[in-house]
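Structure first, then comments.
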Amino acid sequence: MTIVFVETDPAGEVTLTSAEAITFARTQLLPDGGAATSREVSGPPSGSPEAVVIGELSDAAVEELGRLGVSISHHLEHPDLAEYSAAAWAQAIVDVTPEAGTLLASGTPRGMELMAHAAVRTGARMAANVVAADEEGLLRQVHGGTAFERLSLDGDLQVLTIAGHACTPEETTPTTPEIYDYDLTVAEADLTTRVQRTEAEAADDASGLTSARAVVGAGRGVGSENGFSEVLELVDHLGGALGVSRVVTGLGWRPHAEQVGQTGSRISPDVYIACGISGAIQHMAGIEGAKTLVAINTDEESTMVQRADYAIIGDLHEVVGAVNEEIARRRG
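Positions 143 to 474 (the working numbering) are the ones given, in order, by the sequence shown.
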């Protein structure tokens, strides 16, 4: 049995990374929850994963789970679980999924924390940032995505987190998931640490970065806090989102919500245009899901230029300014 912890957004819909995790479970893990091995299966494995949702479960989320191939949704709703508590949430997940062979979540901060707690409480082995599972076992990324490690986990239960954008969400023949509700008991000891208050960031700060089809990245090369005008104009032309390097947020030029990389958002747009970004390991880990990479940089030896599908060597203000002018001209 393969169980996926599913996160939902404020609108009650399944998050992109959870949809990816469900797809990963359905297409790359065996129905009984084990990673494929040469003794167990030949050819691509398939199966019907089950979901765990904590808190409100909207009709829209149930429909989306069905389109993603989920057969059963374990719905956990309790006053003591209304606000996030890693220990309490993890114990609740463990309590309602005793038959799980694989327990997994997307590699978000919450998913990583919950799976770590679950592994400790069950004595199971855990692999983080998994990107593939096949006849040879599991493959996970290490060192910020610059290297990969092949491994297998012993025991009746394996606990995994799936690296962001390790696969693309794929719908299948729609089902109507069975909803299992539970009468839970939450131990007071597990509520020692929990969220007291949540403050939503302004909509302009997040900019739909993780779901944008086009992302324009900006790094130290913009020059200053006031050097984003051309880049932001290009974002508007493309109907996309702005993503920035860690250096930019570290200097206070832009908010952390816009940071892309190992300690920021991991993105998978159709196109990523990196303007004045050299390509540090941590940043490259965040953009590995981009389908097309365009680099604009004065340094032709930079990692970003070397890794790009297309590169323009030049000052980003001049290049991006010229692109904006051409777009405006063609649009009349």
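Each residue gets a CB set at the ideal place from its N, CA and C atoms; glycine is no exception.
Close-in-space but distant-in-sequence residues of the same chain around residue i (CB under 6 Å, 5 per side omitted)
i	result
T169	none
I455	E442
E407	According to the sequence shown, residue 407 is Ser rather than Glu. These residues qualify, in order along the chain: L351 and T352.
H216	V194, V238 and Y322
T391	H398 and Q401
E206	V156
S444	S420 and G421
A348	Here the model assigns A348 a pLDDT of 47, short of 50, so the residue's position is not dependable, and the following value carries that caveat. Taken in chain order, the residues that qualify are A399.
L280	A177, A269, V272 and L293
C-beta contact flag for residue i and residue j at 8 Å
i	j	result
Y322	I145	no
D222	V328	yes
V462	I423	no
H285	G431	no
R263	G297	no
A161	L246	no
G418	V364	yes
Y324	V238	yes
E192	M143	yes
K433	V413	yes
P411	A354	yes
G474	T318	no
Same chain, Cβ closer than 8 Å to residue i, five either side skipped, listed in chain order
i	result
R282	A269, A270, N271, V272, V273, F290, E291, L293 and A305
Y226	R252, R336 and V337
E198	T150, G154 and E219
P311	L158, A161, E162, I164, T165 and L210
V402	L351, V357, G359, G385, V386, S387, R408, I409, H425, G428 and I429
E320	S213, I214 and S215
A224	G197
A450	A416, L435, V436 and A437
E460	none
When the options are compared against residue i, the one with the closest alpha-carbon
i	options	result
V373	N466, G253, E219 and V212	N466
E219	R267, V461, G365 and A230	A230
R472	G249, E278, T340 and H379	H379
V212	F147, D296 and V377	F147
T315	L393, E225 and L210	L210
A356	V436, L302, Q404 and A224	V436
A261	L299, D276, E206 and A234	L299
E171	T244, G382 and G249	For the record, residue 171 in the displayed sequence is Leu; it is not Glu. Comparing Cα positions, the closest option is T244.
M254	L295, L302 and T340	L302
E375	A258, A275, E205 and A464	A464
G382	G279, P397, I415 and H217	I415
L393	P411, A399 and S366	S366
H259	D276, E278, A234 and A275	A234
G369	L326, L458 and P397	L458
G265	P240, I469 and T340	P240
R396	A242, T317, A354 and S371	S371
I469	T434, E330, Q448 and V377	V377
P152	D332, T405 and E341	E341
S190	A450, A242 and A228	A242
E330	A450, I196 and A228	A228
For residue i, three-class secondary structure by DSSP
i	result
T335	coil
S227	coil
R396	coil
V183	Confidence at V183 is low in this model, with a pLDDT of 32, below 50, so its placement is unreliable and no value can be given for it.
I438	strand
G365	coil
G385	strand
T310	coil
S290	In the sequence on display, residue 290 carries Phe and not Ser. Reduced to three states, the DSSP call for F290 is strand.
S407	strand
S188	Model confidence at S188 stands at a pLDDT of 45, short of 50, so the residue's coordinates are unreliable; what they give is reported in the following sentence. Three-state DSSP puts S188 in coil, outside helix and strand.
F370	coil
A163	helix
D347	Residue confidence for D347 is low, a pLDDT of 46 falling below 50, so the modelled location carries little weight; the figure read from the coordinates is stated next. The answer is helix: DSSP assigns D347 an H, G or I state.
G175	A caution first: G175 carries a pLDDT of 40, below 50, which makes its placement in the model unreliable, though a value can still be read off. Residue state, collapsed to three classes: coil.
V390	helix
E443	coil
E198	coil
T144	strand
T150	strand
I429	helix
Sequence-distant residues of the same chain with beta carbon closer than 7 Å to residue i, five excluded per side
i	result
V389	G361 and R362
A232	L256, H259, A260 and R263
T250	E149 and T159
Entirely enclosed alpha helix (DSSP H) segments - the stretch 204-252, minimum 4 residues: 228-238
Length-filtered (4 minimum) alpha helix (DSSP H) runs lying within the stretch 250-286: 251-264
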